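Everything below concerns the one structure shown next.
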Amino acid sequence: PSGRKSLKTTMEPPPVALKWDPKNLEIKTLSVEKTLEPLVIQVTTLVNTKGPSKKKKGRSKRAHVLVAAVERATENFIKKGEEIATENPDIHQEMMAAVEEVRKTGEAMSKASREFAEDPCSSVKRGNMVRSARNLLSAVTRLLILADMVDVHRLLKSLRVVEDDLDKVKNASSQSELMEFFRNFGVNTMELIQQAARRQAELKDSRLRDDLAAARAVLKKNSMMLLTASKVYVRHPELLAAKENRDFVFRQVCEAVNTIGDVAQGRAGALVPSYEGPGELAAALDDFDERVVLDPLTYNELRTRPALEERLESIISGAALMADSSCTRDERRERIVAECNAVRQALQDLLAEYMASAGRKEESLDKAVEQMGRKTRDLRRQLRKAVVDHVSDSFLETQVPLLVLVEAARAGDERQVEEYARVFAEHAHKLVEVANLACSMSSHEDGVKMVRCAAAHIEGLCPQVVNAARILAARPRSKVAQENMDAFRDAWETQVRLLTEAVDDITTIDDFLAVSENHILEDVNKCVLALQENDADALDRTAGAIRGRSARVCNVVTSEMDNYEPGIYTERVLEAVAVLRDQVMPNFAQKVEMAVEALSASPHKEMDENEFIDASRLVYDGVREIRRAVLMNRFDVDSEDEMDGSDISGSWRSVGSRRSRGCENCSSINVLYGSGVAWCCVSPVGCFPSASSVVCLLHSGMLDACVF
């Protein structure tokens, strides 16, 4: 139709004839490659057939057998080609021309190969056969490519039907008309998705497969939103947000349809931008590590020093951006700055050694190279931990901003919707920012690609969730507005879940657990402080964070165990998870409820503070036990990865001295030493003579004492 503006024009039938280039013999699908392979083997074997032994003249029996096999294969191709031509009138002429070419080259090949079989020692006859074989293989390849384009032709016809359905849905003027058009769209879209799935399985090019998979996913997940957004627009055309909602979803679907058409015709789709490549900071560190290891003979002070210093300063600039981010804790920021300075110094020491070695391999040079590697590893570790700090905080309560926005919309409070919309947008921006930070420190290219793609979808969907809330706030009693809000809410929750899983995939379980353990300890301290200050709101809020962090730990660790074969290791880890989830957390929740109720009463009710402190400590112990269980599978514990760099050489004296400083009131101290981690933890009995008791929770020598 002439009114179609949002969709690209697809060629009128027969599209295959117009797009087919007989000179292009590129094989793009696995089926063509697989079908052609037996003939290639037969022809190659025939061409490589040697003459009789000792160069005696005579017939080659093996060659005659191979000739017969090639003739049978050629006849089969001709027969199948004629059948396809009969079944598809649109390409009958092109198909029959390709069949005739196969027949002609097949006859020439048959004649030349039989002559060669009679006289296999003749170089002239062998040369004639080789030329005939090339012509036959080219003709058969053209035939198969054209036959493959029959599937493309069918796919494009289905695509045209869906495009027409989309135009009708867009121009529907009533609810009944919209529903009728959408039913047809749904049926035809499912057919298109199925055909695209078959095409995806056939394609050899991984980029085209990814584009097609992305387009199919967009069609599936946007279909329901297209219906609800279209219904809202038809019902409330006076609302600008309704039009923006509908146009957004319509544009997404159209781009997906266009991508399917592009990929079907061998062009890279425009739907998926390039998210390829590892994280920038991780790649820069990898490159730097390679460049600092030089042959002393190649070192040039005027050229090498400025180049390495420039690369290092670029890395440090990226590290500084991460250190200055709002979610980076002060302690982590200081460590990043310290490691940056240490790396700078290590580079200067290394360059000085290169100068001093004067082209000779010296032991001191080897030590300087090792020191350089250690310092870059230390910097990597702190940057990874900073990333996990951000992930742990930002992905903690991902549903809360959405829930308050939806509740305000349902209440019809447009002023509150605008306020919560700003909070929601800031939350979405933070998720995207943290996801990109996680990408920057990951070398896992496939995982990084998934995170970048999911983050881009979050970025695009956020304004439309807000628009759906505005529509509902303006028309709170409208059923179609409520359905639309539900559809966009579900889409958002799904996309956030995908982003969370993708981010978890590119952060290590060891970093996640180490950081989560420290964060929960911080929150436990805040919780007890709020209790002592009679601050019910702060207590409830911080306890919610503890529950959220603990649930995240359980979910992430359970998912991680799915990657292992069931056994003693996984059983122990999952048992530790079950203890935290099913025993410790319900007990903690009960104690929190009692504490909040006591503090909220007027006057305050009395409560056993030691019971609350003990319940809080058990949460930390539960998370710590999960981490210890996970680390038990590490045969070669890398202290650079597992710890925060504090010197915990395992000396009982150092642990004892920490105990004497921090736990003077504790009657029983258990020192656990295993898996490269030193623990000093309070026995659960008799340690709390008063609410101001000091509870010593030492993790990896990082925290000396935390006063509850």
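Mapping to the numbering used here: the sequence shown position 65 is 65, numbers consecutive.
Beta carbons are placed, not taken as given, at the ideal position from N, Cα and C, and that holds for glycine.
If you're wondering where the values come from, they're calculated on a predicted model, not measured in any experiment.
Using a C-beta cut-off of 8 Å, the stretch 220 to 235 makes no contact with the stretch 147 to 158, since fewer than three inter-stretch Cβ pairs fall below that distance.
Using a Cβ distance threshold of 9 Å, residue 236 and residue 471 count as a contacting pair.
Judged by beta-carbon spacing, residue 162 lies within the 9 Å limit of residue 185, meaning their Cβ atoms are closer than that value. In the structure shown, residue 239 falls within a coil segment according to DSSP collapsed to helix, strand and coil. Closest in alpha carbon position to residue 545, among 519, 70, 177, 570, is 519.
Within 10 angstroms of the beta-carbon of residue 620 lie 16 or more other beta-carbons, which makes it buried. For the 9 Å CB-CB criterion, residue 71 and residue 132 do not form a contact.
If you check the CB distance, residue 105 and residue 76 do not come in under 9 Å. The criterion of a C-beta distance shorter than 9 Å is satisfied by residue 615 and residue 587.
Between residue 226 and residue 257, the C-beta gap is not smaller than 9 Å, which leaves the two residues out of contact. In this model, residue 99 and residue 30 are separated by some 21 Å (Cα to Cα).
The Cβ atoms of residue 417 and residue 409 lie closer than 9 Å to each other. In this structure, DSSP gives residue 403 a helical state, which the three-state scheme calls helix. Taking 9 Å as the cut-off, the Cβ atoms of residue 380 and residue 322 do not count as close.
Linking residue 65 to residue 449 through their CA atoms gives a straight-line distance of about 52 Å. Listed in chain order, the non-local C-beta contacts of residue 384 below 8 Å within the same chain comprise 441, 507, 508, 511, local neighbours out to five positions each way being set aside.
In the displayed model, residue 531 falls within a helix according to three-state DSSP.
Within the stretch 401 to 461, the alpha helix (DSSP H) runs of at least 4 residues that lie entirely inside it are, in chain order, 414 to 440. Residues 85 of the same chain have their beta carbon placed closer than 7 Å to that of residue 96, with the five preceding and five following residues left out of the count. Proximity to residue 277 across 169, 552, 453 peaks at 453, based on C-alpha coordinates.
Nearest Cα to residue 524 within the set 592, 460, 490, 435: 592. In the structure shown, residue 396 adopts coil according to DSSP, grouped into three states.
Spanning the alpha carbons of residue 406 and residue 538 requires a straight line of approximately 25 Å.
Within the same chain, and ignoring the five residues on either side of residue 252 in sequence, the residues whose Cβ sits closer than 7 Å to its Cβ are 218, 222.
Judged by DSSP secondary structure, residue 546 falls within the alpha helix (DSSP H) whose first and last residues are 536 to 561.
Inclusion of residue 234 and residue 245 in the CB contact set at 9 Å is not warranted, their separation being larger than that value. Judged by DSSP secondary structure, residue 150 falls within the alpha helix (DSSP H) whose first and last residues are 123 to 170. A Cβ-Cβ contact shorter than 9 Å links residue 308 with residue 288. In this structure residue 563 is exposed. Its beta-carbon is surrounded by fewer than 16 other beta-carbon atoms within 10 angstroms.
Comparing C-alpha distances from residue 618 to each of 583, 632, 605 shows the shortest one belongs to 583. Here residue 549 is near residue 396, since their CB atoms are less than 9 Å apart. Contiguous beta strand (DSSP E) elements confined to the stretch 579 to 636 do not occur, taking only those with 3 or more residues. In the structure shown, the three-state DSSP call for residue 203 is strand. Linking residue 600 to residue 610 through their CA atoms gives a straight-line distance of about 19 Å.
Judged by DSSP in its simplified three-state form, residue 210 adopts helix.
A direct Cα-Cα distance of roughly 10 Å separates residue 575 from residue 568.
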